[in-house]
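Chemist: Structure incoming, see below.
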Amino acid sequence: MGKVTGFLELDREVESYRDVEIRIKDYDEIFSGTHNLDQLQQQGSRCMDCGVPFCQSESGCPIDNLIPEWNDLVYNNEWRDALERLEKTNNFPEFTGRVCPAPCEGSCVLGLIDPAVTIKNIELAIVDKGFEEGWIKVRSVSTRSGKKVAVVGSGPAGLAAADELNQIGHSVTVYERNDRIGGLLMYGIPNMKLGKDVVNRRVELLRKEGIEFMTNIDIGRDISTKELQSKFDAIIFSTGATKARDLPAKNRNSKGIYPAMDYLTSNTKSLLDKGYADKSELSAQGRDVIVIGGGDTGTDCIGTAIRQGAKSIINFELMSQPPADRSESNPWPEWPTIFRVDYGHEESNKVFGQDPRHYQLLTKAFVRDSNGNVSGIKTINVELIDGKLNEISGTEKTWDTQLVLLSMGFVSPEHYLSEDAKIDTDERGNYKAEHGDYSTSKEGIFSAGDCRRGQSLVVWAINEGRGVANSVNNFLMNSKRAG
Ligand SMILES: Cc1cc2nc3c(=O)[nH]c(=O)nc-3n(C[C@H](O)[C@H](O)[C@H](O)COP(=O)(O)OP(=O)(O)OC[C@H]3O[C@@H](n4cnc5c(N)ncnc54)[C@H](O)[C@@H]3O)c2cc1C
Ligand code: SF4
């Protein structure tokens with residue numbers, strides 16, 4: 032611990048995003064791109080080097096990042112050593128440093144009496160400096176085991192698994208049905224939150240280190256699992272939770288109602304393919320947009336619609352507005368369920384003069400015009416009583432809209448692959464496998480990430496990718512199959 036009194040002397044200072052008025056005119060990252068390293072060193076000194084560092088415990092960081100160690104190293108200006116510590120537990124800190132909601136900060140011990148240490152800012156600064164200084168390089172693999180592993184799905188779970196197994200010496204091929212590698216890091220989380228150059232930079236490193244990437248190949252359709260099994264010693268399914276929850280209300284089939292992922296993917300693809308935002312029927316330009324459902328996906332729809340030039344944006348939430356501070360039923364070190372203003376909300380406040388969120392609203396029906404286009408949504412207010420949502424009569428309302436984005440989460444993976452592989456699914460429809468073991472019901476086939484645990488976070492996908500790599504390695508080393 033570098034400075035014993037750091038937390039007493041200094042207030043938490045968070046790095047600010049780019050100015051709203053400037054950033055909504057482009058799709059560049061919301062982050063400023065530069066770090067005030069002196070300020071971050073001071074912020075690192077606020078860490079108390081706790082005897083029991085809850086930040087890296089189970090309620091905190093899912094990948095057990097060695098947070099107090101790198102806080103101390105940063106305070107002492109030892110950035111390269113800090114990077115070394117960070118890389119011990121996190122394959123992709125440049126992703127988590129940008130998009131992680133930072134459960135570590137939610138469980139930081141300092142948070143009991145004062146605002147938490149700025150762990151996420153420090154993580155990002157360490158890895159950004161690592162790339163700038165050229166400390167992060169291609170790590171060549173000297174010996175190969177002769178074992179071959181196929182990874183199906185190139186999101187953070189698949190990439191972390193591929194990275195770990197490749198570094199051990201196994202030969203890894205990653206199959207991706209999309210035209211670009213990265214899963215939701217590429218098509219899902221928009222450019223503003225995670226630049227695609229950042230994703231591609233890591234993919235290129237992994238490629239140079241020996242991982243083979245195959246795009247536009249849908250396993251279970253273009254290539255069967257059986258064929259993969261004949262070519263590889265082990266297979267990992269990391270296909271994500273891609274089945275979106277639908278809203279089967281009246282007139283759902285009207286034109287202008289889209290799953291959020293279709294909307295976000297189309298915009299990112301258009302930006303990457305053609306260099307400009309989508310001008311197709313999925314564009315929010317000049318439209319009254321309603322986003323149904325919140326979370327990261329809802330916020331990303333709001334941020335994208337603002338950049339496309341939406342006329343207005345409303346966001347429906349079914350549940351009530353969270354409290355400003357932790358409630359008694361949500362004590363430290365749990366993740367604080369509190370009212371947050373994310374980047375999209377901040378932008379909406381600036382552009383439209385109000386927060387887009389409206390709470391306790393249930394969609395009863397869509398309204399459509401004579402051409403079959405959505406023109407409105409009928410809602411009623413609801414309240415939660417004894418765990419049940421009750422409609423409040425007299426609160427019916429119709430909202431004008433020409434573009435509706437459904438952002439109500441994801442149910443499970445799609446099932447054509449599990450059917451093709453003949454593996455069991457659990458009661459929620461996820462590929463059945465235990466956390467920590469990751470074996471499916473078929474020997475030699477493993478599963479990890481959102482397709483196993485349900486929709487989650489990038490940092491949990493990395494946790495699962497690292498874990499499944501360990502299980503696969505044990506399986507390969509004990510396998511009698513010839514290499
Ligand atoms: C819009 C949005 C915003 C989000 N924002 C955040 C955030 O800010 N912070 C955060 O921590 N998390 C966020 N998340 C969640 C996070 O992105 C996911 O939890 C994480 O990406 C899951 O990783 P994964 O590797 O399990 O799957 P995914 O990232 O979903 O990747 C799965 C990949 O498998 C491919 N695939 C599927 N089936 C096949 C097949 N049969 N053959 C070949 N390829 C296949 C898919 O095309 C996909 O590329 C967000 C999610 C969404 C949708
Ligand atoms: S819980 Fe907070 S103060 Fe304690 S070691 Fe972790 S970051 Fe430092």
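Take any residue in the sequence shown, note its place counting from 1, add 31, and you have its number in this note's numbering.
Beta carbons are placed, not taken as given, at the ideal position from N, Cα and C, and that holds for glycine.
(1) Is any non-hydrogen atom of ligand 1 found closer than 6 Å to the C-beta of N209, if you look at the structure I gave you?
(2) Determine the DSSP secondary structure at D431, reduced to helix, strand or coil.
(3) Distance check for G137 and T127, CA to CA, integer angstroms please.
(4) Can you grab the Cα-Cα spacing for the pair M508 / E474, in whole Å?
(5) Check whether the Cβ of I98 lies closer than 6 Å to any heavy atom of ligand 2, and answer yes or no.
(6) Could you tell me which of Y469, H376, F383, T429 sits nearest to L392, measuring between CA atoms?
(7) On a Cα-Cα basis, can you pick out the residue from K227, I369, Q316, M439 that is closest to I323?
(8) Tell me whether Y469 sits in a helix, a strand or coil according to DSSP, three-state version.
(9) Counting only the same chain and skipping the five closest in sequence on each side, list residues whose C-beta sits under 7 Å from that of T65.
(10) Just how far apart, CA to CA, sit P132 and N402?
(11) Less than 7 Å between the beta carbons of Q73 and L104, yes or no?
(12) Does at least one heavy atom of ligand 2 sit under 6 Å from the Cβ of L141?
(13) Would you say S297 and L313 are within 7 Å of each other, going by their C-beta atoms?
(14) Which runs of the alpha helix (DSSP H), 4 residues or longer, sit entirely within the stretch 141-192?
(15) If you reduce the DSSP assignment to three classes, tell me which class E382 lands in.
(16) Leaving out five residues before and five after L420 in sequence, what residues of the same chain have Cβ atoms less than 6 Å from its Cβ?
(17) Relative to the C-alpha of V372, which candidate in I333, S358, E465 has its C-alpha closest?
(18) Which parts of the stretch 222-292 are runs of the beta strand (DSSP E), unbroken and 3 residues or longer, counting only runs that do not cross its ends?
(19) With distances taken Cα to Cα, identify the nearest neighbour of M223 among V205, K239, V83, Y374.
(20) Which first and last residues belong to the beta strand (DSSP E) in which A396 is found?
(21) From the DSSP output, which residues share a beta bridge with R54?
(22) Answer yes or no: the CB of M223 versus the heavy atoms of ligand 2, is any distance below 6 Å?
(23) Across the stretch 190-201 and the stretch 490-497, are there enough close Cβ pairs to call them in contact, namely three or more that are closer than 8 Å?
(24) Quick one: grab the DSSP three-state call for A315.
(25) Give every residue of the same chain whose Cβ lies closer than 7 Å to the Cβ of A513, excluding the five residues on either side of it in the sequence, and list them in chain order.
(26) If you check the beta carbons only, do E30 and V169 fall under 7 Å apart?
Modeler: Reading it off the structure:
(1) yes
(2) strand
(3) 15 Å
(4) 14 Å
(5) The answer is yes for I98.
(6) Out of Y469, H376, F383, T429, T429 has the C-alpha closest to the C-alpha of L392.
(7) M439
(8) coil
(9) Around T65: no qualifying Cβ.
(10) 42 Å
(11) Annotated as distal: Q73 and L104, with beta-carbon spacing of 7 Å or more.
(12) Answer for L141: yes, Cβ within range of ligand 2.
(13) yes
(14) List check, alpha helix (DSSP H) in window: 150-163.
(15) According to the sequence displayed, residue 382 carries Val and not Glu. Looking at V382 - three-state DSSP - the assignment turns out to be helix.
(16) V413
(17) I333
(18) 243-245, 265-268, 288-290
(19) Y374
(20) 392-399
(21) Partner(s): none; R54 has no beta bridge.
(22) no
(23) yes
(24) Note: A315 maps to coil in three-state DSSP.
(25) Annotation note: pLDDT 46 at A513 (below 50); position unreliable, coordinate value reported separately. There are no such residues.
(26) What is shown of the chain runs 32 to 514, which leaves residue 30 out entirely.
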